[in-house]
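S.K.: Protein chains in written order, with the numbering used here: chain A, 525 to 955; chain B, 388 to 549; chain C, 12 to 105; chain D, 11 to 959. C-beta: ideal position from N, C-alpha, C; glycine also. Given the structure is predicted, the values throughout are model-derived calculations rather than measurements.
Okay, structure coming up:
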């Protein structure tokens, strides 16, 4: 193992040195040869897949891994999300899980030797009704018990933190309070992808871009073609050829159902687009991340000055990512309810990503009825936040053959056992 | 020019309204007739087939017409005089006004005089009847009465440019 | 915005209808096993392709109907009212 | 205006109308018709801003909407396109990205350290020490480009409209105008949308003949009834030709969003001239051939005095003529077609001074005009699913083939003389009209309400247009030196080379890593050059590298226009004016505006418990149910049994979703043989109506039930309190209120205060003797006032929502969605006697049965803090004593004015549900208190003696 040299160390001194000597940087990752056998095949070159590969290598010494992606690294949800991280969920299992993720994000720049630009700017979830305020209190109380910094604050406190918000009482959607979560913030999503990719590559993990999985090879299952329950996975068929592997991990978003169906595993998932948009840049004026569940909008301002907007998923299930006009209309109307002073800002670009929604707004993680076939899917709108911890836990799950405590609540079997996760208890926009 | 009138603004001007539900093949359905999506003035009553199995009877003759129907088979009536409130919008720019707030095509070939349709107007689901008044383009909008204050505000605002 | 052909009203903006998701058969609640019932509740084919699904014409005729929609291209086949079988591709309304 | 050229140059300006404005505080003048940029140039102001990263001075590059160098602040509006926005009197214009001033910019020092600030440099540093990153971030944010938002900007008038044209033409150049005209002549309704302020496209800065032809076509379009929208942009094309148009020219409106369902869309956006990549290409004084011609011919502005023209096409040749007509000396024409080239430009900080040619010679000049080729803005076609294909011979991308209802014409698909372009436009317009006619026929035939179709469906016309030729063009993207590729992001070709070398070597990755094409012109100028440089770095062809997807909108749209008039429906009962006139504090509950209280909710509770109170409960959902099969329906929807409800009876019911989770609750009354009135929660009214229709239409189409919502038609008033019978008795003559004749949970119809057809039922949400009356809404104000008048001596007073909530909590009635949540299955409510598992079927029955069998679920209990003066917050967590293990939570809590102590409902695990159990409650303050589980849900009158009286 470790057949590859570690990547060139990134640092300010290195930047200066190479700048002075006009020396260029080496490649961030190799263009590996396509091999027909690996110990583990990970489908999906996004944050989840790459983090799983990275932690399998770094924590468990398993490095004979292929990560395959039908497009380029980070081309799916990892590159399309609005890069918000937080851990103030409703349920103890959710809180514990996302809090570990936030820990990993906090030390990531250092761990991966690449600045992922984590901006710990504070996260506000606005409440416009007394029932929303009740839910905020509920979340705050559960968070507090788990040691999460999260509390409900008043309109006056909100105004102090974020002066652009209209907290007057006579609006259609008055701001009655907010759940304030100081450790929440934003991060440079592409950098997270590149950091894990670079790190995994350095351990010898092969990253195969533009390699589409056409089928998952299973033997001995009870379903058609020997697939399905009690079968055993033997590899994948890709657009570049077959790969034999005893372990296949589905780390995709948007295509989780398709890929799992290839193994004969049906998932409790429907796929919906989640749209986002950015404005032209202006001088920074919005210091926090602002979310309004009732108005289905969340907004933050990048260091480049653009406002980044998101909403809730589109109601109609589709794999089409072309985006809609009505999303931008509703978004603008709701944003101007919150911040009436920005009507002259202009929307520059809109896009969509695919979200795999589950009935309880929680992921599906761990083993499946097909031996060797693991899933890390169903991430809805919060997959990015969970990337690091998912990678860490899935790596442990695959390496040790047992499901770690942190992800036990998220096993596929909960849907047949009827033990859904409680995030559904107060479903709102979950950003 | 556009003229907007809330017909139910006072008890004296309130338009009597009945909903008749009748399955295919019932006597009531046969009596009321009409194609789905169309309306016809019969004496003092405007009869509208607003849904495949539902007719609105509007106007002073509505209660009597509803009461006179043979409701044998699967048919029933409900007095909706107070549930649905009526707004009339009349004028050459009436369609342009509605087109600012609703997505339906109000042009003559898609919504001729005597046509009836459902469409969201300013976010409120309305039943709309094209019911020209003495040759002037006019629409009768029927909506849930609780929206009326909001709705008139939105409608007048949209009409203000004409 | 997608134009959805309501079987009664004709092509409608999707926003004027309600979407009720993948169409599936309801098991007999008296005799079904938990697995059958929860398959009905939670598991979805979620195909990338043709999907038979339920729509409700909430601002028009107020009829529930089924329609096959291609989840990648947005293409729609002819709608059916309950109790009737899905038919062939309808003429292009676009 | 020292740089102004004499007439006839300057077609679009009106020299008789002088406009005053300020530039960075300095007073200047321009003419009506000027853009901000043309007016500034006319005044000799040729530095219009500074670049984002290196703060290099920048001047006019393309002199049109896409000019990346001329975005300015105008009054409270950031990022105004100075090369497009018309000058208006009194405008305060200032440069962006400058600090402290345009001429002396401290951040320009960044330029000196440029070699260290390569693309993506920030990913490689600031990791250590981690604590310092927030400080670095703070500094980086200071470099954010763009103008400033004034948070006090009022929400001006923005608007929207829908349109249903047969044909939408995007682009008003020769082909677009011809297409619009031909389509209109063929009988189509046509919208012609032009981004610029006037129709004409490139003819506007062409020859005299060109301009005459443009005027003639524009006049013909107007005469043919084409709806012409100038200074408007087709911003997006969505599913089924749902087309968004941003109109900036509608009177009285800042910007208007038109949503058009076009039967066909014609893309006639022309081409965008590409800048050339070479060292010094962003110096002020370097501009495209289009820019030079526009400035001279349209605005009468002299862009320089001595010019070098680098040309590969007719536009460059035409620029030479324009420059000559303006009296600008031509230092050198460098003709790419003859194998000549330029390698670099240099100059002072603020202006180009000399150009170095490929043969090594240098030429002095203060203006360098380049004409190196075109980018096809295929954006709209991409949104329709088309993917552009590169043609090396023509050195540009072309559409591959959009869907049938989208057609392209003009420069987007080829080249030709003016007449050839017009001819192709005409043919396209005819085809668009023919196809639109078919779509129109089909739409009309399929729409029930539409007029009868006129004759049989016309044939769907095939595309038999003679294609436009594609002119040969040399591939000119980058010289032998490195220069700026993305002006607004300050990304150079060198950055792209090094990013590709690091492995960011696909077009999407390089875009993300370097931010090339991510700026305000969204790649209109930069994408193809980025692709070309990447191809060069990878030693591949442009076709192999491919291009990125252009996402909507085509041009930025203001949030104001997207929002339009903000119409958010609200609902009120007919009594709301009375409530407001009588001191009610309004509260928004969903769409409903309701009275929360009239000053003192505790007093309202006491008065109701002592005397009598009335509350407006109109938002309660009400559904009229008629038909022989209503009992079957009720049996299916509710968990309890309904087959035996007598006429005049009222029953409470609980509804579940199919997963067994509590969905709604309410009472249903049997009014007649086949006539029922169902109530739902206020928030559930619309949902339950749809739910019922779904069951009736899809699962039981044979059942005969008619459902009609009557929520608003019946104004609902609850009369509660010991004096309620006396009060109602004074208002009714034909309803016998004697408790034996009209017992609890019964319904009667009759006349109240002279109003016929009222419904009254005896139920007890407040726990008092109470009658809920439902009055035809037109008469409700009268009835309400009569109740107050007639009951004055009985102590009648109105009470609001808060008093009702307190009283229901005193009675231990749960609220769906507050005391239950999205996972609460029916047994959580504790209403097990209502969960009838021996019925054949009801919604959610299997899950409820299994949950009851397992017994593993939380339950709602009533509890009281042992210290009755403490009210634990709703959502306060209940813990296993002395631990942090959550075993429940407070779902409702209030100080009870009746009991003078705090009371609660809570959800707890079974283990903690037994009466007498002591609960440990964690208050928000962090303090832990104890509370005791009560025997009954009702804290007050658990036997119900009051309500049954």
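Can you grab the Cα-Cα spacing for the pair residue 164 (chain D) / residue 698 (chain D), in whole Å?
M.R.: Cα to Cα, residue 164 (chain D) sits roughly 40 Å from residue 698 (chain D).
S.K.: Going by beta-carbon coordinates alone, are residue 326 (chain D) and residue 404 (chain D) separated by less than 8 Å?
M.R.: No, these two residues do not count as a Cβ contact at 8 Å.
S.K.: Going along chain B, which residues have a C-beta under 7 Å from residue 73 (chain C)?
M.R.: In chain order: 438.
S.K.: Figure out for me which residue from A:911, A:861, A:581 has the closest Cα to the Cα of residue 729 (chain A).
M.R.: Closest by alpha carbon: A:581.
S.K.: Return the chain-ordered list of same chain residues with a C-beta closer than 7 Å to the C-beta of residue 467 (chain B), the five sequence neighbours on each side being excluded.
M.R.: Excluding residues within five positions, the ones whose Cβ falls inside 7 Å are 404, 405, 406.
S.K.: Could you confirm whether any beta carbon from chain C is found closer than 8 Å to the beta carbon of residue 951 (chain A)?
M.R.: Unreliable positioning characterises residue 951 (chain A) in this predicted model, as indicated by a pLDDT of 45, which lies under 50. The coordinate reading is nonetheless provided below. No - not a single Cβ of chain C is within 8 Å of the one on residue 951 (chain A).
S.K.: Please name the residues in the region 52 to 78 of chain C whose beta-carbon is closer than 8 Å to at least one beta-carbon of chain D, in chain order.
M.R.: Here the close residues are 52, 65, 67, 69, 73, 74, 75.
S.K.: Please confirm if residue 526 (chain B) has its CB atom under 8 Å from at least one CB of chain D.
M.R.: By this cut-off, residue 526 (chain B) is not an interface position.
S.K.: Verify whether the separation of the beta carbon atoms of residue 6 (chain D) and residue 929 (chain D) is less than 8 Å.
M.R.: Residue 6 (chain D) lies beyond the range of chain D shown here (11 to 959); nothing can be said about it.
S.K.: Can you tell me which of the three DSSP states residue 855 (chain D) falls into?
M.R.: Helix.
S.K.: Go ahead and pull the three-state DSSP assignment for residue 19 (chain C).
M.R.: Coil at residue 19 (chain C), not helix or strand.
S.K.: What are the residues in the region 15 to 32 of chain C lying within 8 Å of chain B by C-beta distance?
M.R.: Residues 19, 20, 24, 26, 27.
S.K.: Using DSSP with H/G/I as helix, E/B as strand and the rest coil, what is residue 57 (chain C)?
M.R.: Looking at residue 57 (chain C) - three-state DSSP - the assignment turns out to be coil, as it is neither helix nor strand.
S.K.: Can you name, in chain order, every residue of its own chain whose Cβ lies under 7 Å from the Cβ of residue 651 (chain D), other than the five neighbours on each side?
M.R.: So the list reads 645, 846, 849, once near-sequence residues are dropped.
S.K.: Does the beta-carbon of residue 451 (chain D), which I'm using as the reference point, lie nearer than 7 Å to any heavy atom of the ligand NAP?
M.R.: In the structure on display, the ligand NAP does not appear, and there are no ligands present to speak of.
S.K.: Quick one: what's got a C-beta closer than 6 Å to residue 529 (chain A)'s C-beta in the same chain, skipping five residues either side?
M.R.: Low confidence applies here, because residue 529 (chain A) scores a pLDDT of 45, under 50, leaving its location unreliable; read the following figure in that light. Answer for residue 529 (chain A): no residue qualifies.
S.K.: Measure the C-alpha to C-alpha separation of residue 311 (chain D) and residue 20 (chain D) and round it to an integer number of angstroms.
M.R.: Roughly 7 Å between the two C-alpha positions.
S.K.: Which class does residue 933 (chain A) belong to by DSSP, given the choice of helix, strand or coil?
M.R.: It is helical.
S.K.: Would you call the region 775 to 786 of chain A and the region 559 to 579 of chain A in contact, with 3 or more CB pairs under 8 Å?
M.R.: Flag = yes, the region 775 to 786 of chain A and the region 559 to 579 of chain A touch.
S.K.: Looking at the structure shown, is residue 709 (chain D) part of a helix, part of a strand, or coil, going by DSSP?
M.R.: The answer is helix: DSSP assigns residue 709 (chain D) an H, G or I state.
S.K.: So the alpha helix (DSSP H) residue 771 (chain D) belongs to, where does it begin and stop?
M.R.: Element bounds for residue 771 (chain D): not the alpha helix (DSSP H) but the beta strand (DSSP E), 765 to 772.
S.K.: Please name the residues in the region 390 to 408 of chain B whose beta-carbon is closer than 7 Å to at least one beta-carbon of chain D, in chain order.
M.R.: Those would be 398, 401, 406, 408, in chain order.
S.K.: Can you tell me which of D:412, D:195, D:648, D:34 puts its alpha carbon nearest to the alpha carbon of residue 227 (chain D)?
M.R.: Per the Cα distances, D:195.
S.K.: Could you have a look at residue 590 (chain D) and say whether DSSP puts it in helix, strand or coil?
M.R.: In the structure shown, residue 590 (chain D) sits in a helix (DSSP, three-state: H, G or I).
S.K.: Below 8 Å between beta carbons is the criterion; list the residues of the region 453 to 483 of chain D that meet it against any residue of chain B, in chain order.
M.R.: From the region 453 to 483 of chain D, only 453, 454, 457, 458, 459, 460, 461 have a Cβ closer than 8 Å to chain B.
S.K.: Taking the alpha helix (DSSP H) that residue 659 (chain A) falls in, what are its first and last residues?
M.R.: Element bounds for residue 659 (chain A): 654 to 669.
S.K.: At 4 residues or longer, and completely inside the region 666 to 739 of chain D: list those alpha helix (DSSP H) runs for me, N to C.
M.R.: Listed in chain order, the complete alpha helix (DSSP H) runs (minimum 4 residues) inside the region 666 to 739 of chain D are 695 to 704.
S.K.: Taking only beta-carbon atoms, is residue 90 (chain C) less than 8 Å away from chain E?
M.R.: Among the chains of the structure shown, chain E does not appear; the protein chains present are A, B, C and D.
S.K.: Rounded to whole angstroms, what's the CA-CA distance from residue 835 (chain D) to residue 862 (chain D)? Just pull it up for me.
M.R.: Each residue's alpha carbon lies about 10 Å from the other.
S.K.: Considering only their Cβ atoms, is the gap separating residue 262 (chain D) from residue 171 (chain D) smaller than 8 Å?
M.R.: Not closer than 8 Å, so no.
S.K.: Considering only the beta carbon of each residue, do residue 51 (chain C) and residue 35 (chain C) sit closer than 8 Å?
M.R.: Cβ distance < 8 Å, so residue 51 (chain C) and residue 35 (chain C) count as in contact.
S.K.: Can you tell which of A:875, A:837, A:718 has the C-alpha that lies nearest to the C-alpha of residue 819 (chain A)?
M.R.: Comparing Cα-Cα distances from residue 819 (chain A) to each of A:875, A:837, A:718, the minimum goes to A:837.
S.K.: Which value, in whole angstroms, describes the spacing of the CA atoms of residue 524 (chain B) and residue 612 (chain D)?
M.R.: So the two alpha carbons sit approximately 55 Å from each other.
S.K.: Give the interface partners of residue 709 (chain D) over in chain C, defined as CB-CB distance under 8 Å, in chain order.
M.R.: In chain order: 37.
S.K.: Near residue 883 (chain D), which residues of its chain fall below 6 Å by C-beta distance, leaving aside the five closest residues on each side in sequence?
M.R.: Around residue 883 (chain D): 934.
S.K.: Is it buried or exposed, residue 103 (chain C), if we count other Cβ atoms within 10 angstroms and call 16 or more buried?
M.R.: With a pLDDT of only 37 at residue 103 (chain C), under 50, the local geometry of the prediction cannot be trusted, and no value is derived from it.
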